[in-house]
Amino acid sequence: MDGPAPPEEPRDPQPEQQHGDSETQPLLDEGIGMYTEDLESQQEPEYITEYGDGTESAQRAHRPNGASVMCRVCDVAVSLEGRNQQHVVKCHSCDEATPIRPAPPGKKYVRCPCNCLLICKASSTRIACPRNNCRRVITLAGQRDPGVAIRAPTGSCRVKCNHCNEIFLFNTLTNALARCPHCKKYSTVGNFAKRRALLFFVLAATVAILAVILTMLTNASTFNKVYMVPILVGLYGCAVYTAYKSFNYYTCRKSEIIGPVEGIDNF
117 MDGPAPPEEP RDPQPEQQHG DSETQPLLDE GIGMYTEDLE SQQEPEYITE YGDGTESAQR
177 AHRPNGASVM CRVCDVAVSL EGRNQQHVVK CHSCDEATPI RPAPPGKKYV RCPCNCLLIC
237 KASSTRIACP RNNCRRVITL AGQRDPGVAI RAPTGSCRVK CNHCNEIFLF NTLTNALARC
297 PHCKKYSTVG NFAKRRALLF FVLAATVAIL AVILTMLTNA STFNKVYMVP ILVGLYGCAV
357 YTAYKSFNYY TCRKSEIIGP VEGIDNF
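Residue numbers (the working numbering): 117 to 383.
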């Protein structure tokens, strides 16, 4: 009769596979960009990660098959399949990052001249590129956040120059001639020149009539006085000048208004 069976040795519990967290990471494992703060903070840059490591079937349903984006550096199409939750994608051609979603709240994207994509605080004015072969200090003072619309002043219109046929912006509410930035010549927009020509013509006629009447009423003894000569010369000179201005405004070319400008987008 056989003796009692020896007790089985206790087996070590198998470690659970850690995969739940890796499947839900929106940014992946290869470094393509970095968080950088102001130079005064002296904080180490934090690298943005990219490309998932496991199953992406849950994310593929969010984008249509074949969706892609053009690389901002080399203009090569980069597939977006399975990358719905990422903020940036890495180009396989140039190994640089291209944003596909807006920056997180309080952050903004900045492209270094070395093509490194940086993400920093929206209020940052000076940031440093962390690449060892670059180390540039980028000044952001005076730059606006991408996507901010700038509304043009009231009365701004797109105007076609009568001299060179180029298009430029001009505020029709200003009482002045339009100067084309392309050919540097002046032209009128609307009826401004005609109204100004009429005004100068009336002024020239009034001054000329006043000068003639004063000349006719002046006798020889009064004309010999010292102060009469400068007065008559000034009146006739003013009449000639205003008549010349009236002629210039009357013969000024008229540029065509194409349409109003509602706003200018800065992207």
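For every residue, glycine included, the Cβ atom is placed at its ideal position computed from N, Cα and C. None of the values given here were measured: they were computed from a predicted structure.
Bridge partners of residue i, per DSSP?
{"i": "T214", "result": "V205"}
{"i": "Y225", "result": "I235"}
{"i": "G198", "result": "According to DSSP, which records beta bridges pairwise, G198 is partnered with nothing at all."}
{"i": "K370", "result": "T304"}
{"i": "P376", "result": "C273"}
{"i": "S184", "result": "S195"}
Quick check on residue i: does DSSP put it in helix, strand or coil?
{"i": "R274", "result": "strand"}
{"i": "S240", "result": "coil"}
{"i": "V189", "result": "coil"}
{"i": "M150", "result": "Low local confidence applies: a pLDDT of 43 at M150 is under 50, so the model's placement there is unreliable, and no value is given."}
{"i": "Y167", "result": "Low per-residue confidence applies at Y167: pLDDT is 33, beneath 50, and the placement is therefore not dependable enough to give any value."}
{"i": "V264", "result": "At V264 the pLDDT is 49, less than 50, meaning the model places this residue with poor confidence and gives no usable figure here."}
To which residues of the same chain is residue i closer than 7 Å at the C-beta, ignoring the five residues directly before and after it?
{"i": "G271", "result": "N287, T288, L289"}
{"i": "A355", "result": "A320, V323, A324, A327"}
{"i": "N291", "result": "F308"}
{"i": "C207", "result": "C187, V189, C190, V192, V194, T214"}
{"i": "P218", "result": "none"}
{"i": "S362", "result": "A313, F316, F317, A320"}
{"i": "P57", "result": "Any answer about residue 57 is impossible in this case: the structure gives the chain only from 117 up to 383."}
{"i": "T331", "result": "L348"}
{"i": "V305", "result": "V275, F286, T288, A294, S371, I373"}
Going by beta carbon distance, what residues of the same chain come within less than 8 Å of residue i, once the five residues before and after it are set aside?
{"i": "E372", "result": "V275, K276, N278"}
{"i": "C230", "result": "C245, R247, N249, C250, R252"}
{"i": "L196", "result": "R179, A183, S184, V185, V205, I216"}
{"i": "I374", "result": "C273, R274, V275, K276, I283"}
Cutting at 6 Å between CB atoms, please list the residues of its own chain near residue i, excluding the five before and the five after it.
{"i": "T115", "result": "An answer regarding residue 115 cannot be provided, because it is not within the stretch 117 to 383 covered by the chain."}
{"i": "N345", "result": "Here residue 345 is Val; the residue named in the question, Asn, does not match the sequence. None."}
{"i": "R312", "result": "Y365"}
{"i": "H298", "result": "C280, E282"}
{"i": "V352", "result": "Position check: residue 352 holds Tyr in this sequence, whereas Val was assumed. Hits under 6 Å: A327."}
{"i": "H203", "result": "R217"}
{"i": "R295", "result": "Y302"}
May I ask whether a heavy atom of the ligand SAH can be found less than 7 Å away from the beta carbon of residue i?
{"i": "C273", "result": "In terms of ligand content, the structure shown is empty, and the ligand SAH therefore cannot be addressed."}
Item to check | Ranges of the beta strand (DSSP E) found wholly within the region 280-359, counting only runs of at least 3 | outcome: 283-287, 302-305
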